[in-house]
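Notes follow the structure.
Protein chains: 2
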Amino acid sequence: MEMAAMRTDANRAAILAHLGARGPASRADLARALDLSPALLTKLTRDLLADGLLNELEHQPSRGGRPARQLGLASNAIGAIGLKIAPDHLTLVEVGIDGVVTRTSTAGFDATDRLALRSLVDITTGFIGEGDHSQLLGIGVGLPGSVLGQSEDLVDSTQLQWNQVPLGSALRSATGLPVLIDNNVSALALAEALYGVGRGHEDFLVVTIGSGIGAGIVANGAIVRGHTGNAGEIGHIPVVENGPLCQCGAAGCLEALIGQAGLMREATARGIVIGGTLADVTALADGGDHDAQGVFTAAGKLLGRAIAGVVNTLDPQIVVVLGEGASSWRHWSRGFEPSFRAALIPRKRGVEVAVEAWQDDRWAQGAACLVLGTPFDATGVSGEQGERIRTRLTEVRDTEASA
Amino acid sequence: MEMAAMRTDANRAAILAHLGARGPASRADLARALDLSPALLTKLTRDLLADGLLNELEHQPSRGGRPARQLGLASNAIGAIGLKIAPDHLTLVEVGIDGVVTRTSTAGFDATDRLALRSLVDITTGFIGEGDHSQLLGIGVGLPGSVLGQSEDLVDSTQLQWNQVPLGSALRSATGLPVLIDNNVSALALAEALYGVGRGHEDFLVVTIGSGIGAGIVANGAIVRGHTGNAGEIGHIPVVENGPLCQCGAAGCLEALIGQAGLMREATARGIVIGGTLADVTALADGGDHDAQGVFTAAGKLLGRAIAGVVNTLDPQIVVVLGEGASSWRHWSRGFEPSFRAALIPRKRGVEVAVEAWQDDRWAQGAACLVLGTPFDATGVSGEQGERIRTRLTEVRDTEASA
DNA sequence: TAGAGTATCTTTAGTAGTAAACAAAGGAGT
DNA sequence: ACTCCTTTGTTTACTACTAAAGATACTCTA
Chain X
1 MEMAAMRTDA
11 NRAAILAHLG
21 ARGPASRADL
31 ARALDLSPAL
41 LTKLTRDLLA
51 DGLLNELEHQ
61 PSRGGRPARQ
71 LGLASNAIGA
81 IGLKIAPDHL
91 TLVEVGIDGV
101 VTRTSTAGFD
111 ATDRLALRSL
121 VDITTGFIGE
131 GDHSQLLGIG
141 VGLPGSVLGQ
151 SEDLVDSTQL
161 QWNQVPLGSA
171 LRSATGLPVL
181 IDNNVSALAL
191 AEALYGVGRG
201 HEDFLVVTIG
211 SGIGAGIVAN
221 GAIVRGHTGN
231 AGEIGHIPVV
241 ENGPLCQCGA
251 AGCLEALIGQ
261 AGLMREATAR
271 GIVIGGTLAD
281 VTALADGGDH
291 DAQGVFTAAG
301 KLLGRAIAGV
311 VNTLDPQIVV
321 VLGEGASSWR
331 HWSRGFEPSF
341 RAALIPRKRG
351 VEVAVEAWQD
361 DRWAQGAACL
371 VLGTPFDATG
381 VSGEQGERIR
391 TRLTEVRDTE
401 ASA
Chain L
404 MEMAAMRTDA
414 NRAAILAHLG
424 ARGPASRADL
434 ARALDLSPAL
444 LTKLTRDLLA
454 DGLLNELEHQ
464 PSRGGRPARQ
474 LGLASNAIGA
484 IGLKIAPDHL
494 TLVEVGIDGV
504 VTRTSTAGFD
514 ATDRLALRSL
524 VDITTGFIGE
534 GDHSQLLGIG
544 VGLPGSVLGQ
554 SEDLVDSTQL
564 QWNQVPLGSA
574 LRSATGLPVL
584 IDNNVSALAL
594 AEALYGVGRG
604 HEDFLVVTIG
614 SGIGAGIVAN
624 GAIVRGHTGN
634 AGEIGHIPVV
644 ENGPLCQCGA
654 AGCLEALIGQ
664 AGLMREATAR
674 GIVIGGTLAD
684 VTALADGGDH
694 DAQGVFTAAG
704 KLLGRAIAGV
714 VNTLDPQIVV
724 VLGEGASSWR
734 HWSRGFEPSF
744 RAALIPRKRG
754 VEVAVEAWQD
764 DRWAQGAACL
774 VLGTPFDATG
784 VSGEQGERIR
794 TRLTEVRDTE
804 ASA
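Quick mapping for you: the protein sequence lines, in order, are chains X and L.
Heads up, the first sequence stops at 403 in the numbering used here, and the numbers go up one at a time, no gaps.
Heads up, the second sequence stops at 806 in the numbering used here, and the numbers go up one at a time, no gaps.
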């Protein structure tokens with residue numbers, strides 16, 4: 001038992017995370033993927049095998065040379081918790097290190113309540129349960145807002161009406177686990193980068209259509225959060241002059257026009273529904289109502305022009321459309337596609353737009369990826385909490401070894 | 404004389420580049436700035452001092468402890484060449500490793516000529532001169548267009564009417580020097596990051612107002628080039644529906660409205676000038692002509708709304724306005740400021756806008772920074788040519804040592 | 001069936017880097 | 001003057017990693 005090496009070992013963590021995320025691989029595969037020498041992989045995998053964290057699987061049929069010995073993760077008990085905070089409910093998931101959701105839970109919640117933080121902590125600890133947390137690497141939290149400061153502690157959110165809420169320290173002291181908090185769209189973008197369509201792309205854009213319009217930006221392989229953590233607010237791109245007033249105070253924001261509220265105002269103005277919800281409009285459009293479809297087509301047209309501006313600015317390889325609204329995408333699409341393509345610079349006109357089927361717990365899964373993605377983060381920018389996660393990953397090794 | 408260590412030594416290079424860019428510093432300063440251990444700095448600076456590349460300067464007055472020994476660059480002969488390519492002329496500069504321009508030259512040039520590449524190479528080699536190039540780290544090239552492929556070899560530019568021109572290999576074989584090519588606005592952004600207003604900022608935006616409108620984007624401390632190298636094309640953000648036709652084929656692009664051509668069209672339509680150039684309109688505005696000023700005010704208003712969208716999307720800490728057009732910024736500003744601030748999300752409303760005085764050779768200086776910035780590039784993404792530059796930096800050490 | 005070829009893994013010898021203890025050179029309080 | 005404090009720079013002992021050469025285990029070809 002080595003007494004030394006209490007330090008974080010990013011490479012051991014990276015090996016485990018890679019095997020978890022991408023499935024079994026040979027030492028040579030890992031060396032190439034992680035950009036390490038084969039020699040080092042021999043040594044590191046020897047340790048991990050001895051510690052019982054890795055298994056040597058069957059030989060792979062030779063591809064012209066010595067056949068590869070596949071290595072697989074022995075412990076599938078390593079995972080993370082993902083928490084999505086919405087104004088009126090919480091979604092919790094437990095995911096394995098391969099990104100697969102193993103458990104889900106939803107709970108009512110009032111973000112504006114005086115005891116909201118207390119209630120959130122209780123619900124979370126209840127979900128995690130008593131007993132042994134040694135397999136959990138940490139908790140990832142996604143919320144509609146931004147995180148202040150390097151300590152990633154104080155949270156701001158207009159949608160939740162939160163101002164400098166000490167969410168991080170509250171969860172941390174209650175659970176003893178590392179906690180990473182981020183904007184929910186950024187978390188979703190990270191999930192796409194690790195396990196979704198974005199995998200292997202250095203530059204892509206995730207557009208979410210929900211109650212508002214948001215974007216997760218990945219450039220140079222990294223999430224763009226901006227200086228104050230407010231990057232991705234494409235809902236507030238000005239699109240029409242003297243347009244309807246937006247929550248943000250400006251006039252003519254994209255979101256004011258085609259956010260859920262904007263769509264309803266338009267549907268009501270056109271006399272398609274009286275009262276009712278957006279689901280009613282969607283149902284009408286699905287049923288073939290041309291007027292209802294027209295609402296989405298017009299919205300798609302505006303969205304297309306706005307996203308084209310973003311694509312011209314950022315030059316992503318792919319645009320992923322996601323969110324509750326994506327389920328009615330075929331109505332949006334009629335307006336989106338022509339106006340989007342027409343406004344792109346010629347070289348980008350073929351850029352791929354991928355629409356992903358939407359599951360509700362996807363947000364929480366994305367939040368969990370904040371934790372699962374940390375070992376991949378070569379630059380180690382995730383700060384102190386990220387350091388703690390990497391440390392935990394190697395600690396798991398020690399407890400397994402001693403057991 | 405060590406026979407070994409033919410490998411690139413990024414840290415030795417980083418020490419030299421840091422001293423060049425930021426001026427003399429103590430070993431302890433360097434250790435903090437480069438995030439290396441004091442122990443390593445003792446060793447590396449010992450080598451560099453022995454090789455005659457560094458000088459030990461006077462002691463710094465103590466700040467409560469042992470006084471620091473300042474280290475300074477012994478050789479100020481290390482530098483790079485910067486080349487800016489415009490449709491009708493070339494600008495060349497020689498800059499020292501501290502970013503200061505030591506020599507300038509401009510030459511007429513026709514980018515559409517059949518022998519343009521040959522002529523470009525001749526002018527460049529003429530500027531560099533015969534004889535010893537050992538002090539030159541490399542050549543940086545900035546052009547209005549994008550670079551294809553990882554080899555950074557083939558160049559595309561609609562403005563120059565170039566299609567897959569093998570600029571890199573041509574310059575490389577003619578001079579024997581490493582050549583780095585990039586979009587001119589990206590190069591300018593890099594210069595700002597290293598020696599300008601952007602220094603110390605991880606996220607900022609450089610907006611250029613020239614014949615067109617462009618942007619250099621820095622996010623997470625790195626230049627955003629996008630997947631095809633076409634990031635920053637904010638000139639083609641759609642701003643008005645059914646607007647004037649743009650060169651790019653779309654209608655209502657920002658550039659079509661407020662690029663040089665757009666401004667002239669507007670000035671002509673308003674009857675301010677008949678024929679003439681933009682300089683005439685600027686002169687009238689400078690002289691107090693309200694109609695002429697109105698052209699700029701209207702343009703500033705449009706620019707403000709568009710840039711606000713970009714700032715909402717990317718959340719930069721600072722916006723730098725630059726370029727030929729920046730000299731008439733006080734006329735733009737009247738329209739820009741109110742519309743810009745009004746369209747920002749509340750949290751970003753105080754974002755700083757810095758307008759930089761404009762010198763013509765600034766573009767070429769930015770191009771040179773592609774070379775000078777390479778040693779700083781911790782991730783080493785600049786590819787093979789960047790590797791060659793870092794190698795050259797240590798080679799200089801060897802030749803100085805043997806001399 | 002005996003190479004030739006090729007890809008995987010291992011060993012060896014060496015470099016780059018760090019932490020920690022120590023030495024050096026001053027300032028500030030008593 | 002003497003001690004304590006602070007910061008700088010150096011030495012020592014160690015870890016992490018790599019390159020290069022070799023060992024291993026297969027396929028393919030003649």
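The C-beta atom is built at its ideal place from N, Cα and C for all residues, glycine as well.
Near residue i, which residues of its chain fall below 7 Å by C-beta distance, leaving aside the five closest residues on each side in sequence?
| i | result |
| --- | --- |
| L:V524 | A573, L574 and A577 |
| L:P547 | S560, Q562, L563 and N587 |
| L:S742 | K704, G707 and R708 |
| L:S831 | Limits of chain L in this structure are 404 at one end and 806 at the other, which puts residue 831 of chain L out of reach. |
| X:D63 | Position check: residue 63 of chain X holds Arg in this sequence, whereas Asp was assumed. Excluding residues within five positions, none has a Cβ falling inside 7 Å. |
Is the shortest distance between the beta-carbon of residue i and the beta-carbons of chain X less than 9 Å?
| i | result |
| --- | --- |
| L:L648 | no |
| L:E740 | no |
| L:D683 | no |
| L:A664 | no |
| L:I418 | no |
| L:G601 | no |
| L:G467 | no |
| L:Q697 | The amino acid occupying residue 697 of chain L in the given sequence is Gly; Gln does not appear at that position. No - not a single Cβ of chain X is within 9 Å of the one on L:G697. |
| L:D525 | no |
| L:A653 | yes |
| L:E459 | no |
Opposite residue i in the DSSP bridges: which residues?
| i | result |
| --- | --- |
| X:K43 | Beta-bridge pairing links X:K43 to no other residue. |
| L:R506 | L:E497 |
| X:A25 | X:L71 |
| L:H492 | L:G511 |
| X:T208 | X:G214 and X:L322 |
| L:L747 | Bridge partners of L:L747: none, in fact. |
| L:H462 | L:R472 |
| X:L54 | X:L73 |
Checking contacts by CB at 9 Å: is residue i closer than that to chain L?
| i | result |
| --- | --- |
| X:S146 | yes |
| X:G142 | no |
| X:E192 | no |
| X:A299 | no |
| X:A342 | yes |
| X:I237 | yes |
| X:H201 | yes |
| X:E266 | no |
| X:D156 | yes |
| X:E241 | yes |
Considering only residues of the same chain and omitting the five flanking positions on each side of residue i, which have a CB-CB separation below 8 Å?
| i | result |
| --- | --- |
| X:N11 | L34, L36, L40 and L44 |
| L:P470 | H462, Q463 and P464 |
Going along the chain, which residues of its own chain have a beta-carbon closer than 6 Å to the beta-carbon of residue i, five neighbours each way excluded?
| i | result |
| --- | --- |
| L:V451 | Residue identity check: residue 451 of chain L is Leu in the sequence provided, not Val. Counting only Cβ-Cβ distances below 6 Å, and skipping sequence neighbours, we find L457. |
| L:P719 | D606, F607 and L608 |
| X:P244 | A256 |
| X:L73 | L19 and G20 |
Are the stretch 308 to 327 of chain X and the stretch 198 to 206 of chain X in contact at 8 Å, needing three or more beta carbon pairs?
The stretch 308 to 327 of chain X is in contact with the stretch 198 to 206 of chain X.
Interface positions of the stretch 705 to 727 of chain L facing chain X (Cβ-Cβ less than 7 Å), listed along the chain:
Hits within the stretch, in order: R708, A711, G712, V713, N715, T716, L717, D718, P719 and Q720.
Quick one: any contact between the stretch 751 to 767 of chain L and the stretch 670 to 689 of chain L, if contact means 3 or more CB pairs under 8 Å?
No, because fewer than three Cβ pairs between the stretch 751 to 767 of chain L and the stretch 670 to 689 of chain L fall closer than 8 Å, the two stretches do not touch.
The stretch 606 to 638 of chain L: positions lying closer than 9 Å to chain X by Cβ
Close to chain X, meaning a Cβ-Cβ distance shorter than 9 Å, are the following residues of the stretch 606 to 638 of chain L: D606, F607, A618, I620, A622, N623, A625, I626, V627, R628, G629, H630, T631, G632, N633, A634, G635, E636, I637 and G638.
Is the stretch 410 to 430 of chain L touching the stretch 495 to 505 of chain L, taking contact as three or more C-beta pairs under 8 Å?
The stretch 410 to 430 of chain L vs the stretch 495 to 505 of chain L: in contact.
Along the stretch 748 to 777 of chain L, where does the CB come closer than 7 Å to a CB of chain X? Name the residues.
Cβ proximity to chain X below 7 Å picks out I748, P749, R750 and K751 from the stretch 748 to 777 of chain L.
Measuring CB atoms only, is the stretch 754 to 761 of chain L touching the stretch 726 to 735 of chain L, in the sense that at least three cross pairs come out at less than 8 Å?
Yes: the two stretches touch, three or more of their Cβ pairs being nearer than 8 Å.
Flag this pair as touching only if the stretch 213 to 228 of chain X and the stretch 689 to 700 of chain L have three or more C-beta atom pairs under 8 Å; answer yes or no.
A contact between stretches requires three or more CB pairs, one per stretch, nearer than 8 Å, and the stretch 213 to 228 of chain X fails this requirement with the stretch 689 to 700 of chain L.
Taking three-plus beta-carbon pairs below 8 Å as touching, is the stretch 484 to 496 of chain L in contact with the stretch 764 to 777 of chain L?
Contact holds between the stretch 484 to 496 of chain L and the stretch 764 to 777 of chain L, because three or more Cβ pairs, one in each stretch, are under 8 Å apart.
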